[in-house]
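Notes to accompany the following structure.
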Amino acid sequence: MPEFSAGDTLKVNVKVVEGTRERVQAFEGVCIARKNAGVRSAFTVRKISYGEGVERVFPLYSPRISGIEVIRRGKVRRAKLYYLRERQGKSARIAERSTGRSMNSDNNKKPEKSKAPEKKVQEELKDNKKES
Numbered sequence: 002m003p004e005f006s007a008g009d010t011l012k013v014n015v016k017v018v019e020g021t022r023e024r025v026q027a028f029e030g031v032c033i034a035r036k037n038a039g040v041r042s043a044f045t046v047r048k049i050s051y052g053e054g055v056e057r058v059f060p061l062y063s064p065r066i067s068g069i070e071v072i073r074r075g076k077v078r079r080a081k082l083y084y085l086r087e088r089q090g091k092s093a094r095i096a097e098r099s100t101g102r103s104m105n106s107d108n109n110k111k112p113e114k115s116k117a118p119e120k121k122v123q124e125e126l127k128d129n130k131k132e133s
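For reference, each letter of the sequence shown is one residue, going 2 to 133 in this note's numbering.
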């Protein structure tokens with residue numbers, strides 16, 4: 002389970018049984034509440050579907066949840082974001098929390114400079130000066 006809190010945008014993959022078949026359905030939205038109560042822990046995800054607000058409460062340790070993915074981290078100052086229910090449009094947006102570094106670790110690495118080619122170039126320049 003990834004670490005997440007209220008304000009984060011999540012994609013919850015839920016196992017759905019239809020007759021004899023079982024498939025995975027994604028539910029993506031903003032986590033507006035999280036209840037930590039041991040095995041009975043739960044979290045609430047809210048999304049807007051066709052202009053209508055849809056909330057779903059997921060038990061954290063449910064076998065029906067096949068995976069949780071954090072899409073983006075939200076910067077909020079509340080544990081419960083129930084005030085988003087009355088908001089719509091731009092007022093319902095949540096600012097993104099910056100961590101100070103990028104998510105992609107490849108971008109964080111500085112390119113290593115090799116000093117060997119510089120010495121070769123300097124030696125070639127010295128050789129050219131001696132020949133002239």
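Every residue, glycine too, gets a C-beta built ideally from N, C-alpha and C.
Top-ranked residue by Cα proximity to residue i, from the options
{"i": "Arg57", "options": "Gly101, Val15, Tyr51", "result": "Val15"}
{"i": "Ser50", "options": "Gly8, Gln89, Ala7, Ser6", "result": "Gln89"}
{"i": "Ser92", "options": "Leu11, Pro60, Tyr84", "result": "Tyr84"}
{"i": "Glu29", "options": "Gly52, Arg86, Ser63, Ile69", "result": "Ile69"}
{"i": "Val17", "options": "Ser63, Gly52, Val40", "result": "Ser63"}
{"i": "Ala34", "options": "Asn129, Glu23, Thr21, Lys48", "result": "Lys48"}
{"i": "Pro60", "options": "Val77, Arg78, Arg79, Gly39", "result": "Gly39"}
{"i": "Ala80", "options": "Glu87, Ile66, Phe44", "result": "Phe44"}
{"i": "Gly52", "options": "Arg86, Ser42, Glu23, Ile66", "result": "Arg86"}
{"i": "Ala27", "options": "Val46, Leu126, Val77, Gly101", "result": "Val46"}
{"i": "Val13", "options": "Arg41, Arg65, Asn129", "result": "Arg65"}
Integer Cβ distance of residue i from residue j, believed to fall under 8 Å
{"i": "Arg98", "j": "Thr10", "result": "Their Cβ separation, rounded to whole angstroms, is 11 Å, which puts Arg98 and Thr10 out of contact at 8 Å."}
{"i": "Val71", "j": "Pro3", "result": "5 Å"}
Alpha-carbon to alpha-carbon, residue j and residue i
{"i": "Gly75", "j": "Glu124", "result": "55 Å"}
{"i": "Lys36", "j": "Leu82", "result": "13 Å"}
{"i": "Ile95", "j": "Val31", "result": "9 Å"}
{"i": "Ala7", "j": "Glu19", "result": "31 Å"}
{"i": "Glu23", "j": "Ser67", "result": "12 Å"}
{"i": "Phe5", "j": "Leu126", "result": "58 Å"}
{"i": "Val25", "j": "Arg41", "result": "23 Å"}
{"i": "Val77", "j": "Thr21", "result": "42 Å"}
{"i": "Gly101", "j": "Asn129", "result": "49 Å"}
Exercise for the section: Mind listing, in chain order, the continuous beta strand (DSSP E) runs of no fewer than 3 residues lying wholly within the region 39-103? Expected result: Residue ranges of uninterrupted beta strand (DSSP E) with 3 or more members, entirely inside the region 39-103 and ordered along the chain, are 43-50, 53-60, 66-73.
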